């Protein structure tokens, strides 16, 4: 379907479903709020005139109904997990309980100032303290900080802890090892905390190659950053041995806990010898992803790293909670205030809703769902690694591309016409044409069946009418967007 | 188990379909010795009713700003937020979606980011902005690292009047990165001491970072500071912790700064005990390839219609890995959305009106309080909506006595500056009514 063959009604409808930019709508003098009359005299304090301005050029001028329509229309152009399966591998797009949203908006949480006197913020501090304890129990670690703002921020904090601890031992080291299947954040984090980065290859099962690791770990290596379950959705079954190899030579094991949702209640990283790890509260504990954030990247450590945790720490003394700032070995602050508290409220509510049995059931269900989809797509797409899957499964497009010319990206785009958000594509990098599917535990059997049926139908289309797939999507508000042009001639803002 | 969809029959059928006899088969790759034998030692699950009670109970152990006349600020501000902001933010298509990797079905998020970037550019009077960073403190870190890459030097000069938690964060990061940091003291007016600044900045300086209004609420001479930096070939980085100030103050770009970063919590985001907040970053065009974080650009679709995509991703960690400009992956999407909706509602007139009200109310409140016997303004420099008072007694005692009268009188500055035992930082916003300021002044007179 191209634009010219659209009926006038369809064209009008399509244009009403979209919206101009804020700056192109409204008109001079319109405003979306009323302010009470000023009840004090104008400011008496002079500011140098050269520092002052009269107005901000280009600012929108819109009434409340116009703003509401603008953003309502925009929202309708987004796919969301509350509408259907959002199987982005490694991103863990699962249902966000509504009660959590309600709780985070309670005035006693939402309207508390971070510098409120501690005796007037005991509920916030209690929640943080209790959440730290719950996360320590879940991970099998000794202490937790909630301060980091996101998973990558948690990684950075964790590696800073390793560095501080090794430094205190008088054993500074230079290198962080990262498996070739790792998230891009891992090598970026290591280099961002001042380390050199070296890759460790994966073996035929998609796990860390133990021999390569043994050969490489010496007195220059500070830590290995391993994602478990890894980005192929495979549990690193040699985790204990990996930890042993590192510990024997004075190095530490960092675990990227981005995929912890599949281990919860089943096994604990701390029991396997992990020294430090982060948790993505927005993945494992279902705080919403908000169009790309905010996240929260709690970091859990073993005892030997506890002295280095960022300040402030929440402590409980004679029945009251307070924030402790004076910790001489701490790496310091990694951000302002105390962390993304609103996310803590949601994560806390989630854990308390499920309890031990419920959390284990979510982990098992995440694995069950991933394997259900895997079975459904076996023989439909290429399975590059046959290792047993945990919470996600990685397929590839080799055979289909050879046969029909249709690639992973085409399948992804065509899935939109079938009403699904596509999986993560072209990651992990070690799989050519990767398609990484993570259904999560909150998807029903019917939803998974419909997804498998959609992929099967697309593969069939690829054989009979490959152009149909290659030119997809056909039914979305916009067709394929020109990303090359966007990067070549960047237009990054509206100008008045 | 209300969040899990399968009934027992589904579970059984699905296990059977994948050829598993039970849960143990699902986790067969987990070595036997690593499998938990019993349940985790967690409190029992709560029904929705019980959980509502628990969350209410916890929240009621806190005093919200509604319970006190609050004069707390210092980087987190209690501004008016129109109801429509949270109403729109609560649309599930905004909060339950993810990073817009597939632009055809993410135009809502992408266009909102593009609008946010445009608004940040307008406010700061700079050329390009990103899709947001974690918070003000980490935005400062990222700005300094970016400036160091662009200028090609590794000495950083910061004003000692930078928010102390921002400065602490910079120190934490810098410890690992071999960048040097010099903090410049302030003068009697509460502004960065120009002579000390001149002495600190030289040809090896990568960047000069100054917050305005600064940690004492004082508006800095960004124009002079940026000229000082430029004369030595260094980048001038402006830090804005109270973005409403940009409703009446020139944007840092117009005052000669190359980069502006800060905290935009004030635009539509709840105080929420300190997070999640909203770091922002804007810069001159030449910085764009070194800018961290996500950036959205305009483009067209197959049929020539305008659309938006994530762009310039070769700066980012998922492509460049160890050579990325930053390890940042997420942005603060929902907080960014709140700020964009908020700015759309208040618009040009509202931004200016609210900013003027802040300034007027600060001026009125400061005048009232400084008229109390024994109290005086600590610094002579001009302010926006925050100011420092000198008290005749230790601030801790005074604040506690004020609390007894239902007033959170401000921040005890000895928290950060041990020598300032008798100083407090007082903040007002447009929410502060004249009667709140009058009540504060009366209470202050009583407790002293």
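Protein chains in written order, with our numbering: chain U, 65 to 560; chain X, 687 to 1134.
Every residue gets a Cβ at the ideal spot worked out from N, C-alpha and C, and that includes glycine.
The model shown is predicted, which means the values in this text are computed figures rather than measured ones.
Against chain U, with Cβ distances strictly below 8 angstroms, would residue i count as a contact?
i, result
"residue 1021 of chain X", "yes"
"residue 765 of chain X", "no"
"residue 1079 of chain X", "no"
"residue 780 of chain X", "yes"
"residue 707 of chain X", "no"
"residue 790 of chain X", "yes"
"residue 959 of chain X", "yes"
"residue 976 of chain X", "no"
"residue 943 of chain X", "no"
"residue 1088 of chain X", "no"
"residue 715 of chain X", "yes"
"residue 918 of chain X", "no"
"residue 841 of chain X", "no"
"residue 1100 of chain X", "no"
Less than 6 angstroms between C-beta atoms, sequence neighbours within five positions excluded: which residues of the same chain meet that for residue i?
i, result
"residue 160 of chain U", "350, 352"
"residue 462 of chain U", "446"
Output yes if chain X places a C-beta closer than 8 angstroms to the C-beta of residue i; else output no.
i, result
"residue 404 of chain U", "yes"
"residue 66 of chain U", "The pLDDT assigned to residue 66 of chain U is 46, lower than 50, so where the model puts this residue is not dependable, and the model offers no usable value."
"residue 400 of chain U", "yes"
"residue 174 of chain U", "yes"
"residue 324 of chain U", "no"
"residue 88 of chain U", "no"
"residue 557 of chain U", "yes"
"residue 285 of chain U", "no"
"residue 421 of chain U", "yes"
"residue 382 of chain U", "no"
"residue 253 of chain U", "yes"
"residue 449 of chain U", "no"
In chain order, what residues of the same chain have a beta carbon less than 7 angstroms from the beta carbon of residue i, not counting five sequence neighbours either side?
i, result
"residue 859 of chain X", "827"
"residue 256 of chain U", "220"
"residue 67 of chain U", "For residue 67 of chain U, the predicted structure reports a pLDDT of 45, less than 50, and the residue's modelled location is therefore unreliable. A value from the coordinates is still provided. Counting only Cβ-Cβ distances below 7 angstroms, and skipping sequence neighbours, we find nothing."
"residue 65 of chain U", "Reliability of the predicted coordinates at residue 65 of chain U is poor, the pLDDT of 44 falling under 50, and no value is obtained from them."
"residue 948 of chain X", "822, 825, 925, 926, 927, 929, 966"
"residue 915 of chain X", "887, 894, 921, 922"
Skipping 5 residues on each side, what residues in its chain have a beta carbon closer than 8 angstroms to that of residue i?
i, result
"residue 1116 of chain X", "765, 766, 1040, 1043, 1044, 1047"
"residue 855 of chain X", "823, 824, 826, 827"
"residue 271 of chain U", "294, 298, 300, 301, 302, 451"
"residue 512 of chain U", "149, 433, 436, 437, 440, 503"
"residue 1084 of chain X", "1077, 1095, 1110, 1130, 1133, 1134"
Which whole-angstrom value describes the C-beta separation of residue i and residue j, a residue pair presumed to lie in contact below a C-beta threshold of 8 angstroms?
i, j, result
"residue 1024 of chain X", "residue 134 of chain U", "Between residue 134 of chain U and residue 1024 of chain X the Cβ distance is about 15 angstroms, and since that is not below 8 angstroms, they are no contact."
"residue 248 of chain U", "residue 1007 of chain X", "5 angstroms"
"residue 903 of chain X", "residue 1070 of chain X", "7 angstroms"
"residue 878 of chain X", "residue 913 of chain X", "Not quite, the Cβ-Cβ distance comes to about 13 angstroms (not below 8 angstroms), so this is no contact."
"residue 458 of chain U", "residue 495 of chain U", "6 angstroms"
"residue 1020 of chain X", "residue 354 of chain U", "3 angstroms"
"residue 115 of chain U", "residue 935 of chain X", "6 angstroms"
Under the criterion of a Cβ to heavy atom distance below 7 angstroms, does residue i qualify as lining the ligand ZN?
i, result
"residue 373 of chain U", "Among the components of this structure there are no ligands whatsoever, and the ligand ZN is therefore not found."
How do the region 966-975 of chain X and the region 528-547 of chain U stand: do at least 3 beta-carbon pairs fall below 8 angstroms, yes or no? no
Are the region 164-178 of chain U and the region 761-775 of chain X touching, with three or more C-beta to C-beta distances below 8 angstroms?
yes
Item checked: Stretch pair the region 357-374 of chain U + the region 205-218 of chain U: three plus CB contacts closer than 8 angstroms -> yes
Please confirm if the region 797-816 of chain X is in contact with the region 79-90 of chain U, defined as three or more CB-CB distances below 8 angstroms between the two stretches. yes
### Query
Does the count of Cβ pairs from the region 772-783 of chain X and the region 1115-1130 of chain X closer than 8 angstroms reach three?
no
Just list the beta strand (DSSP E) runs in the region 294-366 of chain U, keeping only unbroken ones of 3 residues or longer that don't cross its boundaries, in chain order.
316-321, 340-343, 363-365
Review point. Does the pairing of the region 378-388 of chain U with the region 419-435 of chain U give three or more beta-carbon distances under 8 angstroms?
Key: no
Measuring CB atoms only, is the region 734-746 of chain X touching the region 917-934 of chain X, in the sense that at least three cross pairs come out at less than 8 angstroms?
no
| query | Taking three-plus beta-carbon pairs below 8 angstroms as touching, is the region 516-530 of chain U in contact with the region 700-707 of chain X? | reply | no
ask   = Quick one: any contact between the region 991-998 of chain X and the region 233-241 of chain U, if contact means 3 or more CB pairs under 8 angstroms?
value = no
Complete runs of the beta strand (DSSP E) confined to the region 423-505 of chain U [at least 3 residues]
457-459, 499-501
Could you tell me whether the region 786-802 of chain X touches the region 475-484 of chain U, where touching means 3 or more Cβ pairs closer than 8 angstroms? yes
The region 92-104 of chain U / the region 997-1012 of chain X touching (three or more Cβ pairs under 8 angstroms)
no
Next item on the list: Spell out a yes or no on whether the region 706-723 of chain X and the region 391-406 of chain U are touching, meaning 3 or more CB-CB pairs, one atom from each, closer than 8 angstroms.
Entry: no
Going residue by residue through the region 240-296 of chain U, where are the continuous alpha helix (DSSP H) segments of at least 4 residues, counting only ones entirely within it? 249-256, 274-280
- Query: Is the region 1061-1069 of chain X in contact with the region 104-122 of chain U, if contact means three or more CB pairs nearer than 8 angstroms?
  - Reply: yes
Ignoring anything shorter than 3 residues, give me the beta strand (DSSP E) runs that lie fully in the region 132-162 of chain U, in order along the chain. none
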